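*Asks:* Pasting in a structure now, in structure tokens, and then I'll have a few things to ask.
There are 2 protein chains.
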Amino acid sequence: MARTTGSHSDITGPRIQEAALRLFAQHGYAAVSMRQIAREVGVQAGALYNYTPDKQSLLFGLMQDHMRALLATWAAQPQGRDPCAALEAFTRFHIRFHLERPDEVFIAYMELRNLTPENHVAISDLRGRYEDALEAILKRGVAAGLFDVADTKIATRAVIAMLNGVNTWYRADGRLSQTEVETTYWDMVRKAVAPA
Amino acid sequence: MARTTGSHSDITGPRIQEAALRLFAQHGYAAVSMRQIAREVGVQAGALYNYTPDKQSLLFGLMQDHMRALLATWAAQPQGRDPCAALEAFTRFHIRFHLERPDEVFIAYMELRNLTPENHVAISDLRGRYEDALEAILKRGVAAGLFDVADTKIATRAVIAMLNGVNTWYRADGRLSQTEVETTYWDMVRKAVAPA
DNA sequence: GTCTATAAGGGGATAGAC
DNA sequence: GTCTATCCCCTTATAGAC
């Protein structure tokens, strides 16, 4: 980890983000010091400020990058017209995307209260857009008589909360494959929004 | 908030717990200082140590009290033999109990990583017992042919994750009453575990 | 039981040398 | 671009007066 003096602008930046991501996820934003991040990267604390104006921007950047990647990746998925197929695609996409990025997901959900008010609004806005994508599917399904939910807003949040739960217990070396988990959750989502 | 010197052992203890609860929930354990808690209570920081050996014990006590109250209150609910009625009772109980204690719930889920390893084990054990209560209901329902889930362990976690989500958006002055929310979630839970 | 004072250390962020 | 050194403030926890 220790390094000699020199210029490494092209690699230090990403390394700082990776170290901050892992440390924030493991110990929490407030519990991690800039000195700790610097030690992980192998530079002195002062050098971090060549890449970020302050600690808050480091957190905000990580959360914003994550939410933007989430929205962009979902937007790039093939979108069919059938609400049922769309809901299955969303379910499987959500689980897959989130299981691939446990640290980012953890931070995005746990560190909201450590954002400044302006940054909090920005992240909440991105999250709202993702929820809107799911709600649009549910609304189309309800309109087509394929789904039956009392309230599409609540159903949206219920489905996302349920799917987010996967990250708290799934282990790659566990007894179920990722695809089996996807199928199990899709089965419950499908039934939960189906007509009674 | 400011107070003059004197002895108030009977009221200071609870006031410290209340202040710590609210501050930990709002800003996070790591971001809250003992001085902040003391200021809220109206004593000097040193006085806190008459009531807790250290900051960690304060957090652990709050989480342990919450989990024990959760288990005890559930155990005191009338328990019927019908799995379907039991699942509805669990759903409504869970939402009601959690909406009544938003700060405790927030801490119990967000501050796990700030517990010492021994304390983490103790809280995880209590949480596991609560999950077991739900899983037992699901197992009885599956055995009776009333429910159909691919995996009772996953279904247990999925249901709890879904129900926990209520705390992130429900506001008492919102458009839905607590009972309406309970009914909406019960409808989704019921269908999610029903035979296909 | 609470206070004041203090120990011993860590925090974010900056300045200026190289 | 990184280092060393530093500013100034805050941290948990304890000691001893009252």
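Going line by line, the protein sequences match chains E and V. If you read the first sequence in my numbering, its first letter stands for residue 7, the second for the next number, and so on. If you read the second sequence in my numbering, its first letter stands for residue 7, the second for the next number, and so on. All C-beta atoms in this analysis are idealised placements derived from N, C-alpha and C, irrespective of residue type, glycine included. Quantities reported herein were computed from a predicted structural model and do not represent experimental measurements.
1. If you measure between the beta carbons of V/Ile143 and V/Ala92, is that distance less than 9 Å?
2. Using the beta-carbon count (16 or more within 10 Å), is V/Ala202 buried or exposed?
3. Which residues in the same chain as V/Val38 place their Cβ atom closer than 7 Å to its Cβ, once the five residues preceding and following it in sequence are excluded?
4. Compare the C-beta of E/Asp179 with all C-beta atoms of chain V and state if any pair is closer than 9 Å.
5. What's the gap between the Cα of V/Phe66 and the Cα of E/Arg146?
6. For V/Gln62, which of V/Glu188, V/Ile113, V/Ser183, V/Thr190 has the nearest alpha-carbon?
7. Write down every uninterrupted run of the alpha helix (DSSP H) in the segment 63-113 of chain E whose length is 4 residues or greater and which is fully enclosed by it, in chain order.
8. Quick one, which residues of the segment 105-120 of chain V are near chain E if we go by CB-CB under 8 Å, in chain order?
9. What span of residues does the alpha helix (DSSP H) with E/Thr174 cover, start to end?
10. Do we get a CB-CB distance below 9 Å when we pair E/Met40 with the residues of chain V?
11. Report all residues from its chain with a CB closer than 6 Å to the CB of E/Glu141; omit the five preceding and five following residues, and keep chain order.
12. So E/His126 is in the alpha helix (DSSP H); what residue range does that whole segment cover?
13. Would you say V/Ala167 faces chain E, with C-beta separation under 9 Å as the test?
14. Along the chain, where does the alpha helix (DSSP H) containing E/Arg45 start, and where does it finish?
*Replies:* The short version:
1. Result yes, Cβ atoms of V/Ile143 and V/Ala92 sit closer than 9 Å.
2. Its Cβ having fewer than 16 others within 10 Å, V/Ala202 is exposed.
3. Within the same chain, V/Val38 has close Cβ partners Leu29, Phe30.
4. Closer than 9 Å: no.
5. Taking the straight line joining both Cα atoms gives about 46 Å.
6. Comparing Cα-Cα distances from V/Gln62 to each of V/Glu188, V/Ile113, V/Ser183, V/Thr190, the minimum goes to V/Ile113.
7. Taking 4 residues as the minimum length, the alpha helix (DSSP H) runs contained wholly in the segment 63-113 of chain E are 89-106, in order along the chain.
8. Using a CB distance below 8 Å, the part of the segment 105-120 of chain V facing chain E consists of Met116, Arg119, Asn120, ordered along the chain.
9. Here the alpha helix (DSSP H) through E/Thr174 covers 172-175.
10. No, its Cβ sits nowhere closer than 9 Å to a Cβ of chain V.
11. Listed in chain order, the non-local C-beta contacts of E/Glu141 below 6 Å within the same chain comprise Thr158, Thr162, local neighbours out to five positions each way being set aside.
12. Per DSSP, E/His126 is one residue of the alpha helix (DSSP H) stretching across 123-149.
13. Yes, because at least one Cβ of chain E sits closer than 9 Å to the Cβ of V/Ala167.
14. Element bounds for E/Arg45: 40-47.
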